[in-house]
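First residue of the sequence shown: 3, per our numbering; consecutive thereafter.
Ideal placement from N, C-alpha and C gives every residue a C-beta, glycine not left out.
Since we're looking at a predicted model, the values are computed, not measured.
Take a look at the structure below.
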Amino acid sequence: MKLWSGRFKADFDEVAELFNDSLPFDCQMYAQDISGSIAHCAMLGKTGIIEDADAKLILKTLAQIKSDIDDGKLEVVGAEDIHSFVENELVSRIGDVGKKLHTARSRNDQVATDIRLYVRDSIDNTVELLRSLVKTLADRAEAELSTVMPAYTHMQKAQPTTLGHYLAAYANMFLRDIERFGDCRKRVNILPLGSGAAVATTFPIDRLYTAKLLGFDGVSENSLDGVSDRDFGVEYLSCAALTMLHLSRINEEFVYWSGGEFSFIKLPDEFSTGSSIMPQKKNPDVNELLRGKSGRVFGDLTALLTVMKGLPLAYNKDMQEDKEPIFDADKTLNISLRVFTRMLEKVEFDRAAMAAAAEGGFSCATECADFLASKGVPFRTAHEITGKIVLYCIENKKTLQALSLKEYKEFSDKFDKGILEAVKAESAIARRKVIGGCAKEELTRQIKVIREKLEK
Ligand code: ARG
């Protein structure tokens, strides 16, 4: 039965109904809808807006409906949306008493409450998954404090660093995601229920009581804003999009690191696929999908921004379009975090291949310039001299590590035998002791900070 049939003579067109109904997707928030109704009903009973005995019967029946849906005994079909479904079911079980539940409430403040509860649950779940990812990154980084590899700029070998430094960089990104979701949660966790259709209600409801029952930190201050605000959804999707972006970036590294030209990592068999024609292939499909799925979530964010743009106050049906992007982002983000963490636990690093890559490509040229600068040569001049040395090496097919002190001295008399040590990758790494650097002691400190932040 429609919740609004009283005023109508003709039935809703069947195609219009297919188009209008949100039950096929908002059935996913039945638990939140029933929790919201339970709190609302408890408040109606407490304030005496409905009789205590009626409130008790409604509360008991709502709990039964919830457990019947949980157990698969009650199929969620045959209504316009989840709010109508639950109310129809209530009325079919307890008759007229069930019709009292909607006193002092509109579906507009009800749906705004449900989706906030849904987003809050999503955030809590996502943060748990992010914490386990950051912990795995910190563990794996700690085991690779001395694994030398090149750092790249413009995807060209730049300076030597360690794999631990790389992995800890990603741990920092995902830590920021945790903070960002936590910050977003503060604005999600505000109760709009009590805003009514648009201008609140004449019934003496106790919104603070309802908020407390539902674990909200406060109530919306203005009913028009309460029913029409979806900023929290946009914020949630922005957080989700950024986390997907971070996943996409690390998986881009894994895709090319696993390729033949790099061979820095060996992907676990459990997370790779083969080719139907090329028997030798072991493809990084999971990593590529993690990169690709970011596009969906960026789309979800763009969808909600576009839905909300230009909407006048207060509720407009356009806002029904908030749900699918949020559900999609939640589902995509959660499976992505789960699969990536499982893969990261098992991926094998080829330390020898990484170390060999760090040797070539003149990635220690900065060390040579820094050496001269530390002997009093102005850095610009040191840079120029080193550039000439690199050119000499290229023309003579030599490396910086293979040059003799005599050859160095031909470019500057400031060189001494210390240069032979300074251009080694290990020593370049060990000297980067400043905060943020890749020296072992400093990286150990960084990982300790990551773990401390996780403890909080
Ligand atoms: N299914 C609707 C939504 O998701 C519920 C609110 C309906 N309110 C209304 N005035 N038609 O937005």
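Check: Grab the span of the beta strand (DSSP E) containing residue 26 for me, first residue to last.; Outcome: Premise fails: residue 26 lies in the alpha helix (DSSP H), 25-28, not in any beta strand (DSSP E).
Check: I'd like the ranges of any alpha helix (DSSP H) spanning at least 4 consecutive residues and lying wholly in the segment 150-197.; Outcome: 165-190
Check: Kindly examine the ligand ARG and report whether one of its heavy atoms sits closer than 7 Å to the Cβ of residue 167.; Outcome: no
Check: With DSSP collapsed to three states, give me the class of residue 351.; Outcome: strand
Check: Looking at C-alpha atoms only, which residue of 161, 91, 98 is the closest neighbour of residue 52?; Outcome: 98
Check: Taking DSSP's pairing of strands, which residues face residue 285 in a bridge?; Outcome: 275
Check: Given 7 Å as the limit, tell me if residue 238 has its C-beta closer than that to any heavy atom belonging to the ligand ARG.; Outcome: no
Check: Quick check on this structure: which residue in 244, 454, 354, 345 has the alpha carbon closest to the alpha carbon of residue 303?; Outcome: 244
Check: Which of the three DSSP states is assigned to residue 220 in this structure?; Outcome: strand
Check: If you count every other CB in all the chains shown that lies within 10 Å of the CB of residue 34, and 16 or more means buried, which is it?; Outcome: buried
Check: The alpha helix (DSSP H) with residue 65 in it runs from where to where?; Outcome: 54-72
Check: With residue 246 and residue 296 assumed to form a contact (beta carbons below 8 Å), what rounded beta-carbon distance in angstroms separates them?; Outcome: 4 Å
Check: Does the segment 122-139 come close enough to the segment 66-80 to have 3 or more Cβ pairs within less than 8 Å?; Outcome: no
Check: Give the DSSP-derived three-state secondary structure of residue 40 in the structure shown.; Outcome: helix
Check: Would you mind working out which of 120, 349, 339 sits nearest residue 180, comparing C-alpha positions?; Outcome: 339
Check: Are the beta-carbon atoms belonging to residue 143 and residue 177 less than 8 Å from one another?; Outcome: no
Check: How many Å lie between residue 361 and residue 284 at the Cα?; Outcome: 28 Å
Check: Judging by CA-CA distance, which residue of 102, 83, 174, 255 is the nearest neighbour of residue 133?; Outcome: 174
Check: Alpha carbon to alpha carbon, how far is residue 392 from residue 252?; Outcome: 32 Å
Check: Return helix, strand or coil for residue 452, following the three-state DSSP convention.; Outcome: helix
Check: Taking the straight line between their C-alpha atoms, what separation do you get for residue 69 and residue 359?; Outcome: 59 Å
Check: The ligand ARG and residue 310: does any heavy atom of the ligand fall closer than 7 Å to the residue's C-beta?; Outcome: no
Check: Quick one: does the C-beta of residue 31 sit closer than 7 Å to a heavy atom of the ligand ARG?; Outcome: no
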